[in-house]
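Q: In my numbering, the protein residues as written are 5 to 213. Every residue gets a Cβ at the ideal spot worked out from N, C-alpha and C, and that includes glycine. Quick one: the structure is below, and I'll ask about it shortly.
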């Protein structure tokens, strides 16, 4: 916010309800000059305007509004395409897929259902260990269900970001719960959300895009 908008907030907070005319008088400005600032503060939810009464301070700050905005954004709005391989592919093919797609982790499935996740660290650790990359299935080195942290389309981006931080991972598979052929609970991978996509969101919010 501009310095003038900060002053307007202070005036309204200390003198609510107050009309635009009185706000202009206190700032020694024409009322028309303040119209854009009052419109911005009202639309952003920091001030509330009531006809024939004046302006009120809602108690919300810029930080509150950004927090509310982040909590209102669903994972479905920021998801990207998942990079998926079958658990029968070799570790070598998994490494090739990861670098061709330029991702930090890939999701592993069996019969279309999520069974594991493999990260760059997993590949590096096994390459250093001298594993036969061409003959070893990727299933041997992956982190298996149920030890995989997931998110869903209707979860908030904030909750997904908290999971990423708490579990120290680069991203999460976005899953949809289904029943497999045996009637057991299983998960279909429908997307992914990563540190990069969340960082991009914060940049957009910071730029007010």
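Alpha carbon to alpha carbon, what distance is there between residue 195 and residue 90?
A: 16 Å
Q: Helix, strand or coil for residue 40 per DSSP?
A: helix
Q: With a threshold of 8 Å on Cβ separation, who are the neighbours of residue 76 within its own chain once the five nearest residues in sequence on each side are excluded?
A: So the qualifying residues of the chain are 160.
Q: Report the CB separation of residue 112 from residue 121 in whole angstroms; it is logged as a contact under 8 Å.
A: Confirmed, about 7 Å.
Q: From the DSSP output, read off the bridge partner residues of residue 177.
A: 196, per the DSSP bridge assignment.
Q: Give me the residue from 14, 6, 80, 10 with the minimum Cα distance to residue 164.
A: 80
Q: Fully enclosed by the region 81–137, which beta strand (DSSP E) runs are 3 residues long or longer?
A: 88–90, 109–114, 117–123
Q: Assuming the contact rule is C-beta atoms closer than 8 Å, residue 118 and residue 149 should be a hit. Round their C-beta distance to whole Å, please.
A: The C-beta distance from residue 118 to residue 149 rounds to 6 Å, short enough to fall under 8 Å.
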